[in-house]
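In case it helps, UniProt numbering puts the sequence shown at residues 1 to 258. We put the beta carbon where it would ideally sit given N, CA and C, even for glycine. The structure appears below as structure tokens.
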Amino acid sequence: QMANKLVVECPSADLKEAAHFKKMSSVWWDLKGEYHGQYLYDSNVVPYMVEEIINSGLLDIKYAESEKPFTGLKILEVGCGGGIMCEMLSKYGGDITGIDINSYVLEVAKEHLKSADPKITNINYILQSAEEHCLSNAEKYDLVVLNTVIQHVVEKDVLLKSCVRCLKPGGSIFISGFSQTWIAWFLLEILAEWWGTLPKGNSEWRKFISIGDLENMMKWYKCKLIASKGIYHNLFTDTWTMGRCHSMSYAARFVKQE
Numbered sequence: 001q002m003a004n005k006l007v008v009e010c011p012s013a014d015l016k017e018a019a020h021f022k023k024m025s026s027v028w029w030d031l032k033g034e035y036h037g038q039y040l041y042d043s044n045v046v047p048y049m050v051e052e053i054i055n056s057g058l059l060d061i062k063y064a065e066s067e068k069p070f071t072g073l074k075i076l077e078v079g080c081g082g083g084i085m086c087e088m089l090s091k092y093g094g095d096i097t098g099i100d101i102n103s104y105v106l107e108v109a110k111e112h113l114k115s116a117d118p119k120i121t122n123i124n125y126i127l128q129s130a131e132e133h134c135l136s137n138a139e140k141y142d143l144v145v146l147n148t149v150i151q152h153v154v155e156k157d158v159l160l161k162s163c164v165r166c167l168k169p170g171g172s173i174f175i176s177g178f179s180q181t182w183i184a185w186f187l188l189e190i191l192a193e194w195w196g197t198l199p200k201g202n203s204e205w206r207k208f209i210s211i212g213d214l215e216n217m218m219k220w221y222k223c224k225l226i227a228s229k230g231i232y233h234n235l236f237t238d239t240w241t242m243g244r245c246h247s248m249s250y251a252a253r254f255v256k257q258e
């Protein structure tokens, strides 16, 4: 069932956000366009995620040292958008499912995959909400990824509960997002949008969530914070770098307790 033929109806859907991402769908993979910041952001997050998963004990020992260390893993990206993260992860192996509630951006992901490296055969895209997906895929995945999605959702508890339900006990959920701090508000919502390094209307500070609040929410769903890094945006060089400071943005790995 579609709401305004734009998004799948679900408690965590936000039509204002959906309209924004519909607008962004035409420039999703344009590395010089107004949405290029997502590609730069993901380029920093993926190596950290890979390093964390290699250290997690999730990997099959046969493949851990290979070019495709994720071989044998079932991976879910919730809110996959136009597929940047899914394609970046695909080269490490694994069986990847990308779900999104926005029909326009998911079409971008499918079309880009057709024109991408023909060796990428391990991604499957589905137009579906996490709330619906978890009903028939409970405890199916070794790794769930929620990349820069949490700051676009009001009903965070509903979304997180659904994501965790998809995860096997002992599996990892990787979440990145923007911190609800004055620094993040000024640099990411005001300055970066004015400067043009982030698209206008990309962020609403009231929906940001800081790592401490996220950690407390994840405890409700029996998930423990294992590791995290801050992500900092340099406005002048338009680059993202990983570091210790979480006051702007962060990436974190949680493990579902067995």
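Hey, would you say C10 sits closer than 7 Å to E131, going by beta carbons?
Indexing the sequence shown from 1 puts residue 10 at position 10. Indexing the sequence shown from 1 puts residue 131 at position 131. Yes; because the gap between Cβ atoms is below 7 Å, this pair is in contact.
Does Q257 pass the burial test, meaning 16 or more other C-beta atoms within 10 Å, or should it be called exposed?
As a working note, residue 257 is residue 257 in the sequence shown. Counting Cβ neighbours within 10 Å, Q257 comes out exposed, since fewer than 16 surround it.
What are the residues that DSSP puts in a beta bridge with V78?
Counted from its first residue, the sequence shown places residue 78 at position 78. Paired residue(s): I99.
Span separating the alpha-carbon of Q1 from that of V8
Counting from 1 along the sequence shown, the entry for residue 1 is found at position 1. Counting from 1 along the sequence shown, the entry for residue 8 is found at position 8. Note that Q1 scores a pLDDT of 38, beneath 50, so its modelled location is shaky; the value from the coordinates is reported in the next line. The straight-line gap from Cα to Cα measures roughly 6 Å.
Proximity of N122 and I96 at Cβ, strictly below 7 Å:
Position 122 of the sequence shown, counting from 1, holds the residue named residue 122. Position 96 of the sequence shown, counting from 1, holds the residue named residue 96. Yes, the Cβ-Cβ distance between N122 and I96 is below 7 Å.
If you count every other CB in all the chains shown that lies within 10 Å of the CB of P69, and 16 or more means buried, which is it?
Mapped onto the sequence shown, residue 69 falls at position 69. So P69 ends up on the buried side.
Residue range of the alpha helix (DSSP H) that includes K44
For the purposes of this step, residue 44 is taken as the residue at position 44 of the sequence shown. Per the sequence shown, residue 44 should be read as Asn rather than Lys. Per DSSP, N44 belongs to the alpha helix (DSSP H) from 36-54.
Which residues mark the beginning and the end of the alpha helix (DSSP H) in which L15 is found?
Walking along the sequence shown from the start, residue 15 turns up at place 15. Unbroken alpha helix (DSSP H) run through L15: 15-24.
By the DSSP assignment, the beta strand (DSSP E) with K229 in it spans what residues?
If you number the sequence shown from 1, residue 229 lands on position 229. Where K229 is concerned, the enclosing beta strand (DSSP E) stretches over 223-234.
Just the Cα atoms here: how many angstroms apart are A227 and V255?
Position 227 of the sequence shown holds residue 227. Position 255 of the sequence shown holds residue 255. Distance between the alpha carbons of A227 and V255: 10 Å.
Indicate the three-state DSSP secondary structure (helix, strand or coil) for W240 in the structure shown.
Position 240 of the sequence shown, counted from the first residue, corresponds to residue 240. Looking at W240 - three-state DSSP - the assignment turns out to be strand.
Helix, strand or coil: how does DSSP classify S210 here?
What you label residue 210 is simply residue 210 of the sequence shown in a count that begins at 1. Reduced to three states, the DSSP call for S210 is coil.
How far does the beta strand (DSSP E) with L135 in it extend, from its first residue to its last?
If you number the sequence shown from 1, residue 135 lands on position 135. L135 -> not in any beta strand (DSSP E); alpha helix (DSSP H) instead, spanning 130-136.
Taking only the alpha-carbon atoms, compute the straight-line gap between H36 and K219 and give it to the nearest angstrom.
Mapped onto the sequence shown, residue 36 falls at position 36. Mapped onto the sequence shown, residue 219 falls at position 219. Those two C-alpha atoms are separated by around 34 Å.
Do you know offhand how far V78's Cα is from S176's?
Within the sequence shown, residue 78 is the residue found at index 78, counting from 1. Within the sequence shown, residue 176 is the residue found at index 176, counting from 1. If you take the alpha carbons of V78 and S176, they lie about 12 Å apart.
Is the beta carbon of N102 sitting closer than 7 Å to the one on A184?
Numbered from its first residue, the sequence shown carries residue 102 at position 102. Numbered from its first residue, the sequence shown carries residue 184 at position 184. No, they are not a contact pair.
Near I54, what residues of its chain come up, given a Cβ to Cβ distance below 7 Å and the 5 sequence neighbours on each side ignored?
Taking the first residue of the sequence shown as position 1, residue 54 is located at position 54. Cβ within range, chain order: A64, P69.
Give me the Cα-Cα distance between Y232 and E111, rounded to the nearest whole angstrom.
Taking the first residue of the sequence shown as 1, we reach residue 232 at position 232. Taking the first residue of the sequence shown as 1, we reach residue 111 at position 111. Cα-Cα distance, rounded: 31 Å.
Same chain, Cβ closer than 6 Å to S172, five either side skipped, listed in chain order
By one-based count along the sequence shown, residue 172 stands at place 172. The residues are S56, L143, R253, V255.
Below 8 Å, how does it come out for the stretch 146-159 and the stretch 23-34: are there three or more Cβ pairs, yes or no?
no
Out of curiosity, what's the CA-to-CA distance linking Q128 and I209?
Taking the sequence shown and counting its residues from 1, one reaches residue 128 at position 128. Taking the sequence shown and counting its residues from 1, one reaches residue 209 at position 209. Looking at the two C-alpha atoms, the distance is approximately 24 Å.
In chain order, what residues of the same chain lie with their CB nearer than 6 Å to the CB of L167, ignoring the 5 residues before and after it?
As a first step, residue 167 must be located in the sequence shown, where it is residue number 167. Closer than 6 Å at Cβ, skipping near neighbours: Y141, V144, I173, K256.
Tell me the rounded alpha-carbon separation between M88 and N44.
Position 88 of the sequence shown, counting from 1, holds the residue named residue 88. Position 44 of the sequence shown, counting from 1, holds the residue named residue 44. Going from the Cα of M88 to the Cα of N44 covers about 11 Å.
Quick one: measure Cβ to Cβ for M217 and K119, integer angstroms, because I've assumed they're closer than 8 Å.
If you number the sequence shown from 1, residue 217 lands on position 217. If you number the sequence shown from 1, residue 119 lands on position 119. The Cβ separation is near 38 Å, so there is no contact.
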